[in-house]
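Here our numbering is used: the first residue of the sequence shown is 2, the next is one more, and so on.
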Amino acid sequence: MGTRIASALVLAPVVLIIVWLGGWWTTGLIAAAVVIGIYEIQRILRAGGYHPRLPLAIGLGLAFVAAAVAQPQTKVNLTGAVVALGAMASLIYEISRRERTGALDAWAASLGSAIYAGAMLSHFVLLRAATSPALNGGPLSSLNIETGAAWIYATFAVTWASDTGAYFAGRTFGKHKLAPVLSPKKTWEGFVGGTIASIAAGIGIVALLGMPLTLVQAIILGVIGAGGGTLGDLAESLLKRQAGVKDSGNLIPGHGGLLDRVDSLLFTAPLVYYVLVAWL
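Here's what the structure looks like:
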């Protein structure tokens, strides 16, 4: 636990500062996370007997990031375009190999890993590019936090609050298993505790950052953090249990791999982004 806390205390401020800086700092961070995430998910897939193409998947993953960077300048759905073109490109690659054995396996695993890490994480780039609704000012207004950074901080806050609340509520009150096959330690009591913590974090971060959201919208933000975060965690648990591995890697001391730390965010970031779009 000590190593886990120490790693978080070192990494969290670095990430928060890079998000505050924005621009290519944030884009570079997300691009690096995409490359590492694809490597880790393919490590899991290989342990499960699949044979994904790493260079192809990384190329597609970075294409998702590039699409997110360019999205504010066009009305074309660039993420959808990358999915379609990526599906075609990966199939064309398998055709070019002139070998049927393992082609379906490799195609699905390559495209799936690119979407899982690349498409999901690229939504942080989309969130950072948000310029509306403008912040109204709040206790942290002196930090000159831009709108896009505020939305990412809010996503972090509700997701991490859910994880923390679920952990302590589960340890204290947990009796009824939430998903015994995928994650035996998760309980319904923990989920409720995580949801309460996430809603509280949503209300708190909205007030601190001066985000122009109603109380109901702040609560919805918290529910997204709890629901999306839990599903993201369970999704990675499904993949790891299918492959028979415990962690996605060992990049972060005390946490395992990068995906072990951001699995919840893979679901909450897209959900928060599309809710933001719906509210504009």
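Backbone N, C-alpha and C define an ideal beta-carbon position, used for all residues, glycine too.
Please read these numbers as outputs of a predicted model, since none were measured by experiment.
Original post:
So, is His177 buried or exposed, given that buried needs 16 or more other C-beta atoms within 10 angstroms?
Top reply: exposed
Subject >> Buried or exposed (CB count within 10 angstroms, at least 16 for buried), Val126 >> reply: buried
Subject >> Short Cβ contact (8 Å threshold) for Lys241 with Ile116 >> reply: no
**OP:** Name the residue from Ala279, Ala33, Asp234 and Leu63 whose alpha carbon lies nearest to the alpha carbon of Leu179.
**Re:** Asp234
Original post:
Just to check, is the beta-carbon of Leu267 closer than 7 Å to a non-hydrogen atom of the ligand MN?
Top reply: With respect to the ligand MN, the structure shown offers nothing to examine, as it has no ligands at all.
**OP:** Rounded to whole angstroms, what's the CA-CA distance from Trp152 to Gly24? Just pull it up for me.
**Re:** 15 Å
Subject >> Arg172 versus Gly191 - alpha carbon distance >> reply: 8 Å
Original post:
Taking the alpha-carbon positions, what's the Ser199 to Leu105 distance?
Top reply: 40 Å
**OP:** Can you tell me which of Gly205, Ala201, Ala150 and Gly138 puts its alpha carbon nearest to the alpha carbon of Thr132?
**Re:** Ala150
Original post:
Thinking C-beta only, is Gly38 closer than 8 Å to Leu214?
Top reply: no
Original post:
Considering Thr188, what are the terminal residues of the beta strand (DSSP E) in which it resides?
Top reply: Ser184 to Thr188
Original post:
What residues are listed by DSSP as bridge partners for Lys178?
Top reply: Thr188
Subject >> Cβ neighbours of Ala71 in the same chain (closer than 7 Å, five flanking residues each side left out) >> reply: Leu79
Subject >> Unbroken stretches of the alpha helix (DSSP H), 4 residues or longer, contained in the segment 5–82 >> reply: 24–48 and 55–71
Subject >> Proximity below 8 Å, CB of Gly205 to CB of Ala167 >> reply: no
**OP:** Assign Gly257 to one of three DSSP states: helix, strand, or coil.
**Re:** strand
Original post:
Checking contacts by CB at 8 Å: is Val66 closer than that to chain B?
Top reply: Reference to chain B is not applicable here, since this structure consists of a single protein chain.
Subject >> Backbone secondary structure at Thr165 - three-state DSSP >> reply: helix
**OP:** Determine the burial state of Lys247: buried for a count of at least 16 other Cβ atoms within 10 Å of its Cβ, exposed for fewer.
**Re:** exposed
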